[in-house]
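Peer 1: First residue of the sequence shown: 77, per the numbering used here; consecutive thereafter. Beta carbons are placed, not taken as given, at the ideal position from N, Cα and C, and that holds for glycine.
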Amino acid sequence: MTSPVKKSSAIKPKQMKAAEFIASQLRQQIVIGKLKPGDKLHPENVLQTEFEISRPTLREALRILESESLITISRGKYGGARVISIDLNAATRQVGVYLQIKGTTLHDIWLARTVIEPPAAGLLASIKSPIAWTELQNNIDAAREAAQNNLLKYADLSAEFSFLITKHCGNQTLHLLASLISEIIRKQHEHVTASTISKASVHQLRLESIRSREKVLSMMRKGKAVAAEQFWRLHLDHMCDLVLSQYKPSMTIDVLNAPVGSQKLKYKIKK
77 MTSPVKKSSA IKPKQMKAAE FIASQLRQQI VIGKLKPGDK LHPENVLQTE FEISRPTLRE
137 ALRILESESL ITISRGKYGG ARVISIDLNA ATRQVGVYLQ IKGTTLHDIW LARTVIEPPA
197 AGLLASIKSP IAWTELQNNI DAAREAAQNN LLKYADLSAE FSFLITKHCG NQTLHLLASL
257 ISEIIRKQHE HVTASTISKA SVHQLRLESI RSREKVLSMM RKGKAVAAEQ FWRLHLDHMC
317 DLVLSQYKPS MTIDVLNAPV GSQKLKYKIK K
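1) Where do the N-terminal and C-terminal ends of the beta strand (DSSP E) with Thr148 fall, by residue?
2) Return the chain-ordered ranges of every alpha helix (DSSP H) run that is complete within the stretch 195–257 and spans a minimum of 4 residues.
3) From the DSSP output, which residues share a beta bridge with Tyr154?
4) State the beta-bridge partners of Thr328 as determined by DSSP.
5) With DSSP collapsed to three states, give me the class of Lys263.
6) Just the C-alpha distance for Ser205 and His244, rounded to the nearest angstrom, thanks.
7) Using 8 Å as the threshold, is the stretch 135–149 in touch with the stretch 93–110, meaning 3 or more CB pairs across them?
8) Taking 8 Å as the cut-off, decide whether the C-beta atoms of Ile329 and Ile177 are in contact.
9) According to DSSP, simplified to helix, strand and coil, what is Lys291?
10) Could you name the residues of the same chain whose beta carbon sits closer than 7 Å to that of Ala197, not counting the 5 residues immediately before and after it, in chain order?
11) Write down the C-beta distance between Tyr323 and Thr269 rounded to the nearest angstrom, noting that I regard them as a contact closer than 8 Å.
12) Excluding the 5 residues flanking Gln264 on each side, which residues of the same chain have their C-beta closer than 7 Å to its C-beta?
13) Just to check my reading of the structure: Ser202 and Ala301 have Cβ atoms closer than 8 Å, yes? What is that Cβ distance to the nearest angstrom?
14) May I have the straight-line CA-CA distance separating Gly157 from Leu117, to the nearest angstrom?
15) Distance check for Ser150 and Arg189, CA to CA, integer angstroms please.
16) Indicate whether Ile216 and Glu290 have their beta-carbon atoms separated by less than 8 Å.
17) Lys116 bridges to which residues according to DSSP?
18) With distance defined between alpha-carbon atoms, name the residue in Gln124, Val331, Leu227, Gln104 nearest to Arg282.
19) By a C-beta neighbour count over all protein chains shown, 10 Å radius and 16 as the cutoff for buried, is Pro113 buried or exposed?
20) Are Ile108 and Val159 closer than 8 Å when you measure CB to CB?
21) According to DSSP, simplified to helix, strand and coil, what is Ser100?
22) Please report how far the alpha carbon of Arg131 lies from the alpha carbon of Tyr154, in whole angstroms.
23) Excluding sequence positions up to five away, which residues of its chain have a Cβ less than 8 Å from the Cβ of Trp209?
24) Can you tell me whether Ser258 is buried or exposed, with buried defined as 16 or more other CB within 10 angstroms of its CB?
25) In terms of residue numbering, what span does the alpha helix (DSSP H) encompassing Glu142 cover?
26) Spatial neighbours of Leu312 within its chain, please: C-beta separation below 8 Å, excluding the five flanking residues on both sides.
27) Please classify Ile69: is it buried, with 16 or more other beta-carbons within 10 angstroms of its beta-carbon, or exposed?
This is the structure:
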């Protein structure tokens, strides 16, 4: 039998600054949809009266929300604070820069893909979404055509196929995680495609990759969740070995430019 916790030893809730508290109240209104993108917040004097706070405290609260990209503040006669849509692209850029600063390698990104995408493929197979099947099939058809005459477009479509799997898998968290590294994946696809654009043997690899996408789509359509997850993991492992063999093992990502300088291709694919 456990003894009761003494009042003096109980963990006390963290005390919030007035500005943080006001920001949390307004943030909650945005999250639950009471304040929607495009809505203008009440004038400062109204908010001051409503929350019984000073102007400096209110402005500090608004700056907190502005730093979180939840509102935008304009000056002048017709200015004020207005709710804006959350920009996932901005978050993606920030994550990319953070990962590059941390020295994240391409292998690290590919490993993350093998954790995120295969379960998403399994979930999508369980959902059986006609809309997803159409989008994925259209992607495959476009990739097959691009593989013949527009290889940079093919690279973008390759990255998009994986993005579509997570988009329609029904798990918003998996899709968010995939979205945050999607631009890194797209740039890497473009770079390796541009670097091997004249290699005849690589064309066969592209066709092989398209066939793999057709196969996993067929599995998902038939509701074979376990098979789809296992197959897509094997496909990513195989492609990881092929792609990363073209780079130095310790090559870090570059979210600003295509890998250059010390990040040159290490090996050449034979014609």
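Peer 2: For this structure:
1) Its beta strand (DSSP E) spans residues 147–150.
2) If only complete runs of 4 or more residues are kept, the stretch 195–257 shows the alpha helix (DSSP H) at 206–225, 227–243, in order along the chain.
3) Its beta-bridge partners do not exist; DSSP assigns none.
4) According to DSSP, Thr328 bridges with Thr181.
5) When secondary structure is reduced to three states using DSSP, Lys263 falls in the helix class.
6) In this structure, the straight-line span from the alpha carbon of Ser205 to that of His244 is close to 8 Å.
7) Yes, the stretch 135–149 touches the stretch 93–110.
8) Ile329 places its beta carbon 8 Å or farther from that of Ile177.
9) The DSSP-derived three-state label of Lys291 is helix.
10) Cβ neighbours of Ala197 beyond the five flanking positions: Ile241, Val292, Met296, Ala304, Glu305, Trp308.
11) Distance from Tyr323 to Thr269 at the Cβ level is roughly 14 Å; contact not present, criterion being Cβ atoms closer than 8 Å.
12) Excluding its 5 nearest sequence neighbours in each direction, Gln264 has C-beta neighbours in its own chain below 7 Å: Leu182, listed in chain order.
13) So it is a contact: roughly 5 Å between Cβ atoms.
14) Correcting the residue type first, residue 157 is Ala in the shown sequence and not Gly. Rounded to the nearest angstrom, the two C-alpha atoms are 6 Å apart.
15) Taking the straight line joining both Cα atoms gives about 40 Å.
16) Result yes, Cβ atoms of Ile216 and Glu290 sit closer than 8 Å.
17) Note: Lys116 is bridge-paired with Arg158 in the DSSP secondary-structure output.
18) Closest by alpha carbon: Leu227.
19) Counting the other CB atoms within 10 Å of its CB gives Pro113 a total below 16, which places it among the exposed residues.
20) In this structure, Ile108 sits away from Val159, with a CB-CB distance that is not shorter than 8 Å.
21) It is helical.
22) Linking Arg131 to Tyr154 through their CA atoms gives a straight-line distance of about 18 Å.
23) Leu293, Met296, Arg297.
24) Buried, because 16 or more other Cβ atoms sit within 10 Å of the Cβ of Ser258.
25) Its alpha helix (DSSP H) spans residues 131–143.
26) Apart from the 5 residues on each side of it in sequence, Leu312 sits with its Cβ closer than 8 Å to the Cβ of Trp186, Arg189, Thr190, Glu193, Pro194 in its chain, given in chain order.
27) Here the chain covers residues 77 to 347 and nothing more, so residue 69 does not appear.
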